[in-house]
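*Asks:*
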Amino acid sequence: EAGVTQFPSHSVIEKGQTVTLRCDPISGHDNLYWYRRVMGKEIKFLLHFVKESKQDESGMPNNRFLAERTGGTYSTLKVQPAELEDSGVYFCASSQVRSPLHFGNGTRLTVT
Amino acid sequence: SQQGEEDPQALSIQEGENATMNCSYKTSINNLQWYRQNSGRGLVHLILIRSNEREKHSGRLRVTLDTSKKSSSLLITASRAADTASYFCATLQEGTSYGKLTFGQGTILTVHP
Numbered sequence: 277e278a279g280v281t282q283f284p285s286h287s288v289i290e291k292g293q294t295v296t297l298r299c300d301p302i303s304g305h306d307n308l309y310w311y312r313r314v315m316g317k318e319i320k321f322l323l324h325f326v327k328e329s330k331q332d333e334s335g336m337p338n339n340r341f342l343a344e345r346t347g348g349t350y351s352t353l354k355v356q357p358a359e360l361e362d363s364g365v366y367f368c369a370s371s372q373v374r375s376p377l378h379f380g381n382g383t384r385l386t387v388t
Numbered sequence: 004s005q006q007g008e009e010d011p012q013a014l015s016i017q018e019g020e021n022a023t024m025n026c027s028y029k030t031s032i033n034n035l036q037w038y039r040q041n042s043g044r045g046l047v048h049l050i051l052i053r054s055n056e057r058e059k060h061s062g063r064l065r066v067t068l069d070t071s072k073k074s075s076s077l078l079i080t081a082s083r084a085a086d087t088a089s090y091f092c093a094t095l096q097e098g099t100s101y102g103k104l105t106f107g108q109g110t111i112l113t114v115h116p
């Protein structure tokens, strides 16, 4: 089976610009998660979709971050406007019900 | 305070030796999981141990869990150069939705051929 794919793998943007990250989960996985690792810190949960619905978005840092999951398939995470502290690696993961997470390779975001 | 602190931060061993990594956490958990990350890649699930289990094996991996001490260890036996990676423990806290994991900062393991 194809794994979780994320696009782009790297993104370099200037402070104040907008960036949209995309995640394609494993086909048939209703659960989709976004995590983030900021430099020097631990990997942190951002939010959880079940199909197209946001199950838990308690980890979203602020309202500059917007996640969507169109039709319960792929998901996007938009950062607008980006700030320097948003730099890090953004991971997407998907899973079946109560099963281990399958992670994508991540998107490395650098805000200059 | 951090949930899932790992020790050591970095470990360097020779091929064939055993590698032991430790993880401590602070709250009551439903389960604890270990993940591996090769450089530039995503995290790969290795093993899950439930809060009512004390030890679990999978191939060359052995995980122990001591809920009274809120700690876990991951042992990799007969290590290989291909085991070189970062290893993370992740806990699923009681009462949280499945998949909402709390990760430690990880242990960087280097296995020299």
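If you read the sequences in order, they're chains Z and B.
For the first sequence, my numbering assigns the number 277 to the initial residue and increments by one for each residue that follows.
For the second sequence, my numbering assigns the number 4 to the initial residue and increments by one for each residue that follows.
All C-beta atoms in this analysis are idealised placements derived from N, C-alpha and C, irrespective of residue type, glycine included.
Quantities reported herein were computed from a predicted structural model and do not represent experimental measurements.
1. Establish whether the CB of L377 of chain Z and some CB of chain B are separated by less than 7 Å.
2. Where does G364 of chain Z sit, in a helix, a strand or coil, going by DSSP?
3. Alpha carbon to alpha carbon, how far is L322 of chain Z from H378 of chain Z? Give it in angstroms, no decimals.
4. Would you kindly work out how many angstroms separate the C-alpha atoms of N21 of chain B and T67 of chain B, rounded to a whole number?
5. According to the neighbour-count rule (16 or more other Cβ atoms, all chains shown, within 10 Å of its Cβ), is V288 of chain Z buried or exposed?
6. In whole angstroms, what is the alpha-carbon distance linking R83 of chain B and L297 of chain Z?
7. Note down, in chain order, each residue of its chain lying with its Cβ closer than 8 Å to the Cβ of E328 of chain Z, except the 5 sequence neighbours on either side.
8. Any idea what DSSP makes of T296 of chain Z, helix, strand or coil?
9. Where does A84 of chain B fall in DSSP's three states?
10. Does the distance from the C-beta atom of F91 of chain B to that of G102 of chain B stay below 7 Å?
11. Considering only residues of the same chain and omitting the five flanking positions on each side of K320 of chain Z, which have a CB-CB separation below 8 Å?
12. In the DSSP assignment, find the unbroken beta strand (DSSP E) run with H305 of chain Z in it and report its ends.
13. Closer than 7 Å, CB to CB, is S370 of chain Z near chain B or not?
14. Please list, in chain order, all residues of the same chain as L353 of chain Z whose beta carbon is under 6 Å from its beta carbon, the five residues on each side excluded.
15. Between which two residues does the beta strand (DSSP E) harbouring Y38 of chain B extend?
16. Could you check where the beta strand (DSSP E) with Q17 of chain B kicks off and where it finishes?
17. Compile a chain-ordered list of the residues in the region 313-327 of chain Z whose CB is closer than 7 Å to at least one CB of chain B.
18. Of all Cβ atoms in chain Z, is any one closer than 7 Å to the Cβ of S4 of chain B?
19. I believe T281 of chain Z touches D300 of chain Z by the beta-carbon criterion, under 8 Å. Please report the beta-carbon distance rounded to the nearest angstrom.
*Replies:* This is what the structure holds:
1. The beta-carbon of L377 of chain Z is placed less than 7 Å from the nearest beta-carbon of chain B.
2. In the structure shown, G364 of chain Z sits in a strand (DSSP, three-state: E or B).
3. Taking the straight line from one Cα to the other gives about 16 Å.
4. A direct Cα-Cα distance of roughly 15 Å separates N21 of chain B from T67 of chain B.
5. With fewer than 16 other Cβ atoms from the protein chains shown falling within 10 Å of its own Cβ, V288 of chain Z counts as exposed.
6. The alpha-carbon atoms of R83 of chain B and L297 of chain Z are separated by roughly 35 Å.
7. These residues qualify, in order along the chain: R345, T346, G347, G348.
8. In the structure shown, T296 of chain Z adopts extended strand secondary structure according to DSSP, grouped into three states.
9. When DSSP states are grouped into helix, strand and coil, A84 of chain B belongs to the helix group.
10. Taking 7 Å as the Cβ cut-off, F91 of chain B and G102 of chain B do not qualify as a contacting pair.
11. The residues are Y311, R312, R313, V314, G335.
12. From DSSP, H305 of chain Z is part of no beta strand (DSSP E); its letter is neither H nor E.
13. Closer than 7 Å: no.
14. Contacts found: L297, W310, A343.
15. Per DSSP, Y38 of chain B belongs to the beta strand (DSSP E) from 32-40.
16. From DSSP, the beta strand (DSSP E) with Q17 of chain B extends over 13-17.
17. For the region 313-327 of chain Z, which is checked against every Cβ of chain B, the residues closer than 7 Å are E318, I319, F321, H324.
18. Confidence in S4 of chain B is poor, its pLDDT being 32 and thus under 50, which makes the residue's placement too unreliable to answer from.
19. That belief holds up - the Cβ atoms of T281 of chain Z and D300 of chain Z are roughly 5 Å apart, short of 8 Å.
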